[in-house]
Amino acid sequence: MSVDAADEEIVHAEIVEDGELVSDALCARPLVDEHTVLMPGEEIPTSDDPRTTYTERDLYVSEETAQALKEAEEEGSPQRKTAMGLFEAWCAEQGRVAKPCTTATYTEYGRYLMARGLKVTTIRHYMSLIRTSMPPGKKPDNSLFLLLLAQYRKKNKRALRRKEAFPITLSYLVPMMKKAEADDRPIGWRDSAMFAFGYRFLGRSIEDVDLDLEDVTILDDMVLVWLAEDKTHKGEDQTLYLHDREDLQLVFRMRRWVDYLASQGITTGPVFREVKRNGTIPSSETRAKTATKRGDYLRPQTVNERVKLWFAAAGLKSDGRPVSSHGLRAGGATDLGMNEATDEELELAGRWKKGSRIPRERYVRPVRNAKADPFKKVPTHNPEAQAQE
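The structure is reproduced here in structure tokens:
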């Protein structure tokens with residue numbers, strides 16, 4: 029039997045218990061896929077689109093897993109939190125949805141950052157953090173943003189300039205440590221140990237302050253450090269051998285500080301901690317009230333503040349580059365590179381990826397370029413001396 033085109037509508041239906049036909053449109057099915065995660069108490073989303081039917085067993089996580097996920101989200105990366113916080117505030121002002129955001133919102137925010145004249149590296153980093161913060165399968169397309177960024181690079185050459193930290197080499201580090209120790213107070217012992225360790229460890233500030241006493245062994249001629257992982261070696265533990273030096277006095281400074289912690293009854297937990305004005309270490313209960321996120325652990329910003337403090341107190345001057353805690357890592361790398369360390373030795377000392385150009389290009393080359401003066405080969409112009417000849 030032929031039918032008209034207008035009558036060619038096929039109605040999907042199923043038989044229910046009373047024998048009536050019911051359209052699939054009336055049968056709500058779960059709108060889920062293998063990426064769906066539901067917290068306890070959440071309803072299963074439904075759709076009229078027929079899909080595989082999942083049971084609650086497939087969709088819900090346990091109370092324990094839900095709590096662990098909540099804690100992981102709250103901890104998160106400080107940089108990711110900052111990037112998302114700024115993005116969410118901007119979206120609220122603009123009346124846009126922040127999470128999950130549309131490609132248009134993502135692109136518009138990228139242009140907004142460019143309009144503020146931020147560095148290319150900063151913009152790219154923030155936008156990457158925002159994009160990866162979106163739910164699985166909900167990430168915005170970044171092709172239009174990258175197109176705008178390429179144009180921004182061409183028109184704003186100063187936005188490409190990177191502000192490198194001033195390298196705190198031994199000639200700067202030693203006076204800083206001596207100044208910190210001049211009053212012979214516990215906070216000075218902590219700071220000098222933290223600086224000596226940061227220089228020799230070539231660590232990032234977050235790695236320094238996240239270090240636990242259980243992961244450090246102080247021997248007579250070196251300090252052993254066990255790392256579960258670092259930025260370059262995810263899921264790969266390492267044991268580092270930090271040999272001592274006469275000028276650095278790493279063993280003495282670390283042992284003095286660790287022994288002081290032991291005298292305060294502290295033998296586990298973070299190595300570097302807050303020191304009160306009276307020289308005592310605040311209890312975990314006290315820290316929990318004032319440092320709700322880090323607890324007994326110092327903030328990376330604290331290392332930064334102490335570096336600036338003792339650099340200025342020692343009467344030191346930089347060449348215009350900013351003084352920061354990253355200067356300890358930069359200083360160690362610079363001292364190595366300027367004293368004929370090989371690329372492999374630099375990479376190993378700072379735990380950079382094999383073949384990384386960062387240590388040579390950022391820390392070694394600028395110093396060598398500054399010292400190099402090809403015009404020294406040109407004789408001094410002195411007409412009077414030449415006339416006398």
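Converting from the sequence shown to my numbering requires adding 28 to each position, the first position being numbered 1. Backbone N, C-alpha and C fix where the C-beta goes; we use that ideal spot for every residue, glycine too. All values reported here derive from a predicted model rather than from experimental measurement.
A buried status is given to F173, since no fewer than 16 other beta-carbon atoms sit within 10 Å of its beta-carbon. Non-local C-beta neighbours of V392 in its own chain, meaning closer than 6 Å and more than five positions away in sequence, comprise G365, ordered along the chain.
In this structure, DSSP gives Y269 an extended state, which the three-state scheme calls strand. The distance from the Cβ of L198 to that of D363 is about 6 Å, consistent with a contact at the 8 Å cut-off. Around the Cβ of R273, a 10 Å sphere holds fewer than 16 other Cβ atoms; the residue is exposed. By the criterion of a C-beta distance shorter than 7 Å, I234 is surrounded in its chain by P328, once the five residues flanking it on both sides are discounted. Secondary structure at Y325: coil, using DSSP grouped into helix, strand and coil.
Along the stretch 273-351, the beta strand (DSSP E) does not occur as any fully enclosed run of 3 or more residues. CA-CA distance, M222 to P350, rounds to 20 Å. Annotation: L356 is outside any beta strand (DSSP E); the continuous alpha helix (DSSP H) that includes it extends over H354 to G365. Ranking D265, T260, L247 and D248 by CA distance to the CA of W254 puts D265 first. Under DSSP, Y154 shares a beta bridge with no residue. For E302, the closest alpha carbon among the candidates I215, T93 and P402 is that of I215. Contact check between the stretch 160-172 and the stretch 127-142: three or more CB pairs, one atom from each, fall below 8 Å, which counts as touching. Relative to N332, the option among R232, I309, K405 and C129 whose CA is nearest is R232.
Put simply, of Y227, T83, C119 and A100 the residue whose alpha carbon is nearest the alpha carbon of H354 is Y227. Taking each of V279, V237, H261 and G263 in turn and checking the Cα distance to L252, the smallest one comes out for V279.
For V244, the secondary structure class from DSSP, reduced to helix, strand or coil, is strand.
Scanning K345, R108, A342 and T296 for the CA closest to the CA of M162 turns up R108. Within a 10 Å sphere around the beta-carbon of V237 sit 16 or more other beta-carbons, which makes this residue buried. Here L176 is not bridged, per DSSP, to any residue.
In the DSSP assignment, W254 falls within the unbroken beta strand (DSSP E) covering M250 to L255. Listed in chain order, the beta strand (DSSP E) elements of length 3 or more contained wholly in the stretch 199-247 are 244-246.
Going by DSSP, T110 is part of the alpha helix (DSSP H) stretching over P106 to Q122. Minimum Cα-Cα distance from H271 among the listed residues G263, P387, M282 and K262 corresponds to M282. Classified as exposed, R305 has fewer than 16 neighbouring CB atoms from the shown chains inside 10 Å of its CB.
CA-CA distance, H409 to P402, rounds to 16 Å. P387 is the residue among P310, I246, P387 and V299 whose C-alpha sits nearest the C-alpha of D371.
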